[in-house]
Structures are given as structure tokens and as C-alpha cells.
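A.B. asks: A single structure is presented below for examination.
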Amino acid sequence: MRSLTCIVCPIGCLLEVEEDTSSPDKTFDNLSVTGNRCPRGVVYAREEIRAPKRVVTATCKIEGETEHSVRRVPVKTASPCPKEKIPALLDDIYRLKITLPVKTGDIFIANWKGEGIDVAATRTIT
Ligand code: SF4
């Protein structure tokens, strides 16, 4: 039995997950989930056990002199990244040097390493 908090919506249901240890291929298709108020909790629990992912937020350095006190641009992935790949993604994000101006939604990394993950600005800085 494993306990997870569903992070799909703000309700945050406490999920109790019975893992199917007899599943030789580790697909966890038959795991049983209780505590969810909607079906999305089951989908979340299955993905969290099989291949956990997270949306990544970070900041990037602004290149050159600016008139702002702001020295970094906040960024976010447009889709979740597999947890085990987050350190490598952060390395690439922290290597970026951004030239102003930037608009919310500007993409600094497109389709990172073929994973379909874009990294975009979450703030407009002119
Ligand atoms: S199980 Fe459904 S209601 Fe509960 S936190 Fe997840 S998405 Fe929200």
C-alpha cells in the first residue's frame, strides 16, 4: 500500500494505492486506487507509480546590462518532465543567457532532447 496526494486539482485527495506486485511487466494497469473523488486520480496514481513527471519552474540569467533590478527571467516547462530527467533539464535551463525584451510565452528551449518539452518565459520584461 502506498499513499499519494493527487496534485491534479486543488482538492488534493489522499490516494491509497495498492500496487500490483504480480505484474511481471510492471505496467501497473491493475493497481487499485481509493480515496479519489474523480477518475483523474486513478490516472494520476498510475502515472505517478509508472513514470512520475513534474512541471519544472526555474529562472534564467539575463545577459548584459539592464535598467531593471530584475536579473533573471522566470521560466516554466509547458508540459511535465520525467522526474529522472529534471536535473539534466535544469542544467540546460541554467546555461541559458536571455537577451531582453522577453514576453510571457516566449520559448527559450523547444522540444528539449526530443521529449516534447518546451521551456517558456512566465513573465514579460522589457
Ligand atoms: S482525485 Fe480528482 S478531485 Fe481528487 S485531487 Fe485528484 S483530480 Fe482533484
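If you read the sequence shown in our numbering, its first letter stands for residue -19, the second for the next number, and so on. Ideal Cβ placement from N, Cα and C applies to all residues, glycine included.
Can you check which of these residues, Leu(-16), Ala101, Lys65, is closest to Gly94 by C-alpha distance?
C.D. replies: Here residue 94 refers to the residue found at position 114 of the sequence shown. When only C-alpha atoms are compared, the closest one is Lys65.
A.B. asks: If you draw a straight line from the C-alpha of Pro(-10) to the C-alpha of Arg17, how long is it?
C.D. replies: Start at 1 with the first residue of the sequence shown, and residue -10 comes out as number 10. Start at 1 with the first residue of the sequence shown, and residue 17 comes out as number 37. Spanning the two alpha carbons is a distance of roughly 12 Å.
A.B. asks: Thinking C-alpha only, which one of Thr57, Pro67, Tyr24, Arg103 is nearest Ala90?
C.D. replies: Working through the sequence shown from its first residue, we reach residue 90 at position 110. Of the listed residues, the one whose Cα sits closest to Ala90 is Thr57.
A.B. asks: For the alpha helix (DSSP H) holding Leu66, just list the boundary residues, first then last.
C.D. replies: Counting from one through the sequence shown, the residue named residue 66 turns up at place 86. At residue 66 the sequence reads Ile, which differs from the Leu that was named. Here the alpha helix (DSSP H) through Ile66 covers 66 to 75.
A.B. asks: Answer yes or no: do Gly85 and Ala68 have a C-beta to C-beta separation smaller than 9 Å?
C.D. replies: To locate residue 85, count along the sequence shown from 1; it is residue 105. To locate residue 68, count along the sequence shown from 1; it is residue 88. Contact flag unset, no.
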